[in-house]
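If you read the sequence shown in UniProt numbering, its first letter stands for residue 1, the second for the next number, and so on.
Let me begin by presenting the structure, written as structure tokens, before commenting on it.
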Amino acid sequence: MATRVNVTVDAHLAIEVMLLTGTRNPQDAVELIVRDYLERAQRTEARTGDADDGRRSSDLQPYQPPQG
1 MATRVNVTVD AHLAIEVMLL TGTRNPQDAV ELIVRDYLER AQRTEARTGD
51 ADDGRRSSDL QPYQPPQG
């Protein structure tokens, strides 16, 4: 069984999330939004690679102002 954490959310925010997810329970609505956010972050990381892999920073060229 997973550990539960209680988080206080503004009522207007909870209603917006419930409308967005189509749920009647604010707990379920917020959980769906958080799970979706985490899944999107993992997919993005899988597509772009880890920021610490060093490939991106070595490909960058320092800014050179236009000559003339």
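For each residue, glycine too, the CB sits at the ideal point set by N, CA and C.
Cβ distance (whole Å) where Ala11 is taken to contact Met18 below 8 Å | With a Cβ gap of about 10 Å, Ala11 and Met18 do not count as contacting.
Residues near Ala46 in its chain [Cβ-Cβ closer than 8 Å; skip 5 each side] = Beyond the five residues adjoining it in sequence on each side, Ala46 comes within less than 8 Å, by CB distance, of no other residue in the same chain.
Terminal residues of the alpha helix (DSSP H) in which Pro66 lies | Pro66 -> no alpha helix (DSSP H), and no H or E assigned at all.
What do you reckon, are the CB atoms on Ala41 and Pro26 nearer than 9 Å?
-> At least 9 Å separates the beta-carbon of Ala41 from that of Pro26.
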